[in-house]
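In full-length UniProt numbering, the protein residues as written are 1 to 809.
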């Protein structure tokens with residue numbers, strides 16, 4: 001893929017699709033949130049508009065149908081239903097599935113045309129167009145048969161031909177391919193518009209998605225001596241993909257000078273070919289008198305303006321100037337709109353005259369509302385009309401009485417937050433260089449030691465002083481680079497709302513998802529690798545843990561279950577908890593299933609403690625599901641979770657309250673790029689142990705070591721810690737015969753383990769590299785690191801060491 005615009009489109013598509021998904025799920029819970037509807041529509045509109053830059057007709061056709069449905073919801077013509085959300089999510093899932101193919105080939109998949117047509121038909125079925133959904137597809141409810149936008153007229157006005165013929169032919173081909181529509185705008189400014197502060201060209205600069213602007217004189221130019229430079233003699237013709245509501249907002253002060261028509265492939269073809277449309281039935285009187293959608297939206301805007309005036313009383317004659325001015329302004333705009341729409345303005349003029357004479361705005365508000373309602377669009381409620389009729393707040397007697405807060409100062413644009421997008425490879429390169437700097441920094445203490453051994457103590461002290469400075473700067477640089485790589489946990493949580501919604505409906509369960517601590521941040525690699533384990537755990541909670549509504553009621557619980565995803569910082573780690581208030585783990589059933597599969601003995605079936613029995617769900621291939629389904633039953637979920645988290649250097653623990661709840665706790669490192677290790681010597685060789693696995697280091701006398709069942713143990717406070725020689729485990733030699741023992745206590749899944757070593761060294765930061773080549777997969781080691789003195793350090797895998805120690809016992 002070499003097209004730079006397509007590269008940018010693919011990169012931005014993930015964010016736009018995520019915004020649409022998140023917005024639709026929130027809208028399903030809050031269907032009355034107008035700002036949220038607009039946000040979802042803008043994301044879908046932006047995506048559709050961007051796709052139109054490329055030869056991707058199937059993509060544009062499908063997203064255009066989704067945009068039209070969202071526009072109908074936004075305009076209040078259709079209520080949002082769960083079936084609509086299903087269809088919209090399915091459409092954008094299809095788009096998401098196409099994106100990798102588009103990225104690789106620049107084209108949609110071969111079957112994209114069929115998918116786009118079938119899903120577009122489902123989406124447009126709510127709009128009164130397209131075929132009914134096929135069997136099994138969502139069926140629209142409560143549709144009124146309206147359309148998502150203004151109806152394209154059978155014949156376009158002749159002024160559309162003012163646009164360049166070549167561009168119109170290109171537009172005809174594009175419309176026929178995509179089944180989309182665009183808006184044509186004709187704006188003829190008043191000759192004296194400059195004296196009113198109007199700037200026609202600047203208005204078009206504000207039109208979103210402007211495709212073409214053509215400017216021409218309204219009449220042939222006069223001679224140079226007769227030209228009045230203060231008079232506007234131009235008219236403007238444009239094509240835009242902006243919605244009618246957006247155009248209404250841009251031209252809200254000059255509606256009588258603007259005409260907007262919907263251009264489709266059919267009516268444009270008829271205009272260019274000179275073939276008029278078949279005459280249809282004559283419109284009824286109501287339809288003939290109704291304003292077009294642009295005028296209707298402007299009338300509604302005046303109704304809302306009057307509703308916001310708010311006051312006690314009905315008389316505005318002596319009210320504040322601001323309230324009366326707003327009423328007069330709204331009346332003036334409404335009368336101009338009605339004139340432009342060809343409607344009867346006599347009642348409006350009479351209502352305005354009554355307002356000017358008596359201060360009563362009631363008749364004027366009623367006329368504007370009735371005119372707007374004539375367009376078939378929602379009029380203000382009775383309460384809103386009453387508020388507007390009340391007209392004006394109590395009068396002010398003096399400037400001192402004005403206690404309204406002063407407007408907040410505008411934010412300095414130069415101080416606003418700025419975002420710079422950088423390729424991931426560049427950040428990774430920077431991190432590699434930081435790693436090299438850490439290695440070089442760690443070499444300075446060795447240089448100081450060599451200087452001191454050579455008899456130059458002053459030089460050694462100077463090197464150590466410089467080491468302290470370099471160490472501080474490198475740590476700050478490392479932290480700055482890590483901050484660039486940090487992502488919030490909400491990135492990993494993002495799939496949960498959709499997963500919970502779809503799976504709970506499929507399983508017939510009622511589940512409320514709660515997310516806490518989404519702003520907690522960790523390294524990008526950690527967050528990305530956390531996503532799949534989270535999906536497994538959420539699916540496991542929904543399928544195995546949470547009961548059906550009937551079962552919950554029988555158990556004395558509310559019908560709706562709660563699934564909590566919580567994240568919080570924990571020192572140099574991140575703690576993620578998945579908590580559900582379901583049935584928990586039935587340890588009896590786990591023990592029986594484990595016995596049937598030969599995982600435990602008959603004796604363990606009776607004696608295995610509940611805590612250890614619960615841990616059996618992490619065994620490879622283990623599942624308590626009786627039937628294998630597309631949700632669970634294959635026994636790979638929980639095993640995959642533990643493996644993935646431990647591969648990250650983290651750990652998994654559980655808190656089971658049978659019949660009440662289950663908490664799965666994931667402890668993850670903040671970063672995988674730079675690791676802290678404890679250096680030690682065992683069997684005459686130097687090794688490293690991840691500091692996250694270290695509990696403590698102790699030095700004990702040999703007499704303190706006792707034996708249990710013939711194996712050495714150490715009583716350390718309230719714990720009995722098994723002891724084993726680290727050198728012996730690694731085959732490097734070593735025993736427990738010394739008078740004093742250096743014991744490294746590490747945490748493992750089965751409890752603390754004591755590793756007897758020769759000597760402890762310092763902690764250090766290293767760049768951990770996986771084993772490669774013929775060493776790849778060698779058990780007992782999680783990687784290598786280069787030390788400052790040039791030696792290669794083997795970093796031990798504590799989990800594998802614990803398995804070896806258990807085998808010896």
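By construction, the Cβ of each residue, glycine as well, lies at the ideal position given by its N, Cα and C atoms.
None of the values given here were measured: they were computed from a predicted structure.
- In the DSSP secondary-structure assignment, residue 783 is bridged to 795.
- Distance from the CA of residue 603 to the CA of residue 597, rounded to the nearest whole angstrom, comes to 15 angstroms.
- In the displayed model, residue 539 falls within a helix according to three-state DSSP.
- If only complete runs of 3 or more residues are kept, the stretch 191–279 shows the beta strand (DSSP E) at 210–217, 234–240 and 258–263, in order along the chain.
- If you compare the alpha carbons of 735, 648 and 682 with that of residue 761, the shortest gap goes to 682.
- For residue 687, there is no enclosing alpha helix (DSSP H); the enclosing beta strand (DSSP E) has its first and last residue at 685–690.
- Between the alpha carbons of residue 165 and residue 157 lies a gap of roughly 15 angstroms.
- Boundaries of the alpha helix (DSSP H) around residue 114: 112–125.
- In this structure, the alpha-carbon of residue 562 lies about 51 angstroms from that of residue 367.
- In the three-state scheme derived from DSSP, where H, G and I count as helix and E and B as strand, residue 675 is classed as strand.
- Per DSSP, the beta-bridge partners of residue 187 are 236 and 258.
- Annotation for residue 188: 218, 235 and 257 place their beta carbon closer than 7 angstroms to its own, counting only its chain and skipping 5 residues before and after.
- Residue 565 carries a strand assignment under DSSP once its states are collapsed to helix, strand and coil.
- Here residue 750 carries a coil assignment [DSSP, helix/strand/coil].
- For residue 95, the enclosing alpha helix (DSSP H) stretches over residues 82–105.
- Only buried fits residue 48, as 16 or more other CB atoms lie within 10 angstroms of its CB.
- According to DSSP, residue pairing for residue 654 in a beta bridge involves 664.
- Counting the other Cβ atoms within 10 Å of the Cβ of residue 717 gives fewer than 16, which makes it exposed.
- The C-alpha of residue 101 lies about 27 angstroms from the C-alpha of residue 490.
- Note on residue 514: under 16 other CB atoms within 10 angstroms of its CB, so exposed under the neighbour-count rule.
- Residue 553 has its alpha-carbon roughly 25 angstroms from the corresponding atom of residue 664.
- For residue 575, the enclosing beta strand (DSSP E) stretches over residues 573–580.
- The count of Cβ pairs closer than 8 angstroms, one atom from the stretch 682–694 and one from the stretch 792–807, reaches three, so the stretches are in contact.
- In this model, residue 555 and residue 307 are separated by some 51 angstroms (Cα to Cα).
- Excluding residues up to 5 positions away in sequence, 529 lie with their Cβ nearer than 8 angstroms to the Cβ of residue 647 in the same chain.
- Closest in C-alpha terms to residue 474, from the list 779, 431, 43 and 91, comes 431.
- Between residue 126 and residue 70, the beta carbon gap of about 11 angstroms keeps them out of contact (Cβ cut-off 8 angstroms).
- Distance check between residue 557 and each of 580, 576, 202 and 7 places 580 closest, using alpha-carbon atoms only.
- In the three-state reduction of the DSSP assignment, residue 48 falls in the helix class, which pools H, G and I.
- The beta carbons of residue 439 and residue 674 sit no closer together than 8 angstroms.
- Closest in C-alpha terms to residue 589, from the list 566, 104 and 613, comes 613.
- In the pairwise beta carbon analysis, the stretch 173–188 is classified as touching the stretch 227–241: at least three pairs are separated by under 8 angstroms.
- Residue environment: residue 442 is assigned as buried (16 or more neighbouring CB atoms within 10 Å of its CB, all protein chains considered).
- Annotation for residue 548: 508 and 509 place their beta carbon closer than 7 angstroms to its own, counting only its chain and skipping 5 residues before and after.
- Taking the Cβ atoms as the reference, residue 302 lies roughly 17 angstroms from residue 350, outside the contact range of under 8 angstroms.
- For residue 516, the enclosing beta strand (DSSP E) stretches over residues 511–516.
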